[in-house]
Amino acid sequence: MTEQDFLDLINLLDEELFKPFLNDIYKKAQEHYNKLILEGWDSDEALYDVVMKTAYLTLKDAVSIAVFLCSNIEPERPKSKEELRRLLKVIKR
1 MTEQDFLDLI NLLDEELFKP FLNDIYKKAQ EHYNKLILEG WDSDEALYDV
51 VMKTAYLTLK DAVSIAVFLC SNIEPERPKS KEELRRLLKV IKR
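Position 85 of the sequence shown, counting from 1, maps to 85 under full-length UniProt numbering, and the rest follow consecutively.
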(Lines of atoms letter the chains of each structure in order from A and count residues from 1; the text may use other names and numbers.)
(Lines give C-alpha, C1' and ligand atoms only; values in the text may rest on other atoms or scores of the structure.)
Protein backbone atom coordinates (compact mmCIF):
# COMPACT_ATOMS: atom_id res chain seq x y z
CA MET A 1 0.00 0.00 0.00
CA THR A 2 1.41 3.34 -1.00
CA GLU A 3 1.17 6.49 1.08
CA GLN A 4 -1.53 7.80 -1.25
CA ASP A 5 -3.50 4.54 -0.97
CA PHE A 6 -3.31 4.85 2.80
CA LEU A 7 -4.51 8.47 2.73
CA ASP A 8 -7.34 7.51 0.37
CA LEU A 9 -8.36 4.74 2.76
CA ILE A 10 -8.37 7.12 5.73
CA ASN A 11 -10.46 9.64 3.79
CA LEU A 12 -12.86 6.89 2.74
CA LEU A 13 -13.21 5.70 6.33
CA ASP A 14 -13.81 9.28 7.46
CA GLU A 15 -16.54 9.94 4.88
CA GLU A 16 -18.23 6.54 4.86
CA LEU A 17 -17.89 5.42 8.45
CA PHE A 18 -16.75 7.96 11.03
CA LYS A 19 -18.89 10.97 10.07
CA PRO A 20 -22.14 8.96 9.71
CA PHE A 21 -21.33 7.19 13.00
CA LEU A 22 -20.82 10.49 14.85
CA ASN A 23 -23.97 11.98 13.34
CA ASP A 24 -25.96 8.94 14.47
CA ILE A 25 -24.51 9.03 18.00
CA TYR A 26 -25.20 12.78 18.26
CA LYS A 27 -28.83 12.31 17.20
CA LYS A 28 -29.40 9.42 19.62
CA ALA A 29 -27.76 11.34 22.47
CA GLN A 30 -29.99 14.37 21.87
CA GLU A 31 -33.11 12.21 21.81
CA HIS A 32 -32.07 10.38 24.99
CA TYR A 33 -31.27 13.63 26.82
CA ASN A 34 -34.62 15.17 25.85
CA LYS A 35 -36.44 12.01 26.99
CA LEU A 36 -34.71 12.09 30.37
CA ILE A 37 -35.53 15.77 30.86
CA LEU A 38 -39.20 15.09 30.03
CA GLU A 39 -39.14 12.27 32.61
CA GLY A 40 -38.10 14.82 35.23
CA TRP A 41 -34.37 14.14 35.50
CA ASP A 42 -32.11 16.94 36.69
CA SER A 43 -30.20 18.38 33.72
CA ASP A 44 -26.81 17.48 35.25
CA GLU A 45 -27.88 13.88 35.91
CA ALA A 46 -29.34 13.58 32.41
CA LEU A 47 -26.16 14.96 30.87
CA TYR A 48 -24.02 12.55 32.92
CA ASP A 49 -26.18 9.60 31.79
CA VAL A 50 -25.93 10.67 28.15
CA VAL A 51 -22.15 11.15 28.34
CA MET A 52 -21.61 7.74 29.94
CA LYS A 53 -23.84 5.91 27.45
CA THR A 54 -22.30 7.78 24.52
CA ALA A 55 -18.80 6.91 25.74
CA TYR A 56 -19.79 3.25 26.01
CA LEU A 57 -21.30 3.15 22.51
CA THR A 58 -18.29 4.95 21.06
CA LEU A 59 -15.85 2.54 22.69
CA LYS A 60 -17.90 -0.49 21.64
CA ASP A 61 -18.10 0.66 18.02
CA ALA A 62 -14.43 1.67 17.92
CA VAL A 63 -13.40 -1.79 19.09
CA SER A 64 -15.78 -3.40 16.58
CA ILE A 65 -14.30 -1.32 13.76
CA ALA A 66 -10.74 -2.15 14.81
CA VAL A 67 -11.47 -5.87 15.04
CA PHE A 68 -13.23 -5.82 11.68
CA LEU A 69 -10.40 -3.96 9.93
CA CYS A 70 -7.72 -6.17 11.49
CA SER A 71 -9.48 -9.47 10.91
CA ASN A 72 -9.14 -11.65 7.88
CA ILE A 73 -12.84 -11.91 7.03
CA GLU A 74 -12.06 -12.16 3.34
CA PRO A 75 -8.75 -13.71 2.37
CA GLU A 76 -8.43 -11.30 -0.56
CA ARG A 77 -8.03 -7.61 0.01
CA PRO A 78 -10.72 -5.34 -1.45
CA LYS A 79 -9.89 -4.52 -5.04
CA SER A 80 -11.77 -1.26 -5.21
CA LYS A 81 -13.22 1.48 -3.05
CA GLU A 82 -16.69 0.16 -3.86
CA GLU A 83 -15.83 -3.28 -2.45
CA LEU A 84 -14.47 -1.62 0.69
CA ARG A 85 -17.68 0.42 1.03
CA ARG A 86 -19.72 -2.78 0.88
CA LEU A 87 -17.55 -4.37 3.57
CA LEU A 88 -17.90 -1.34 5.84
CA LYS A 89 -21.71 -1.49 5.68
CA VAL A 90 -21.46 -4.46 8.04
CA ILE A 91 -20.12 -2.13 10.72
CA LYS A 92 -22.54 0.74 10.11
CA ARG A 93 -25.69 -1.23 10.94
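Beta carbons: idealized from backbone N, C-alpha and C, even for Gly.
For residue i and residue j, which I take to be in contact (beta-carbon distance under 8 Å), what is that distance rounded to the nearest angstrom?
{"i": "His-32", "j": "Lys-53", "result": "7 Å"}
{"i": "Asp-24", "j": "Leu-36", "result": "Not really, about 19 Å apart at Cβ, beyond 8 Å."}
Near residue i, which residues of its chain fall below 7 Å by C-beta distance, leaving aside the five closest residues on each side in sequence?
{"i": "Asp-61", "result": "Phe-21"}
{"i": "Ala-29", "result": "Val-50 and Thr-54"}
{"i": "Val-63", "result": "none"}
{"i": "Leu-57", "result": "Ile-25"}
Can you list, in chain order, the residues of its chain whose CB lies under 6 Å from that of residue i, leaving out five sequence neighbours each side?
{"i": "Ala-46", "result": "Tyr-33, Leu-36 and Ile-37"}
Counting Cβ pairs closer than 8 Å, one from the region 53-64 and one from the region 34-41, do we hit at least three? no
Enumerated in chain order, which unbroken segments of the beta strand (DSSP E) with a length of 3 residues or greater are wholly contained in the region 32-56? none
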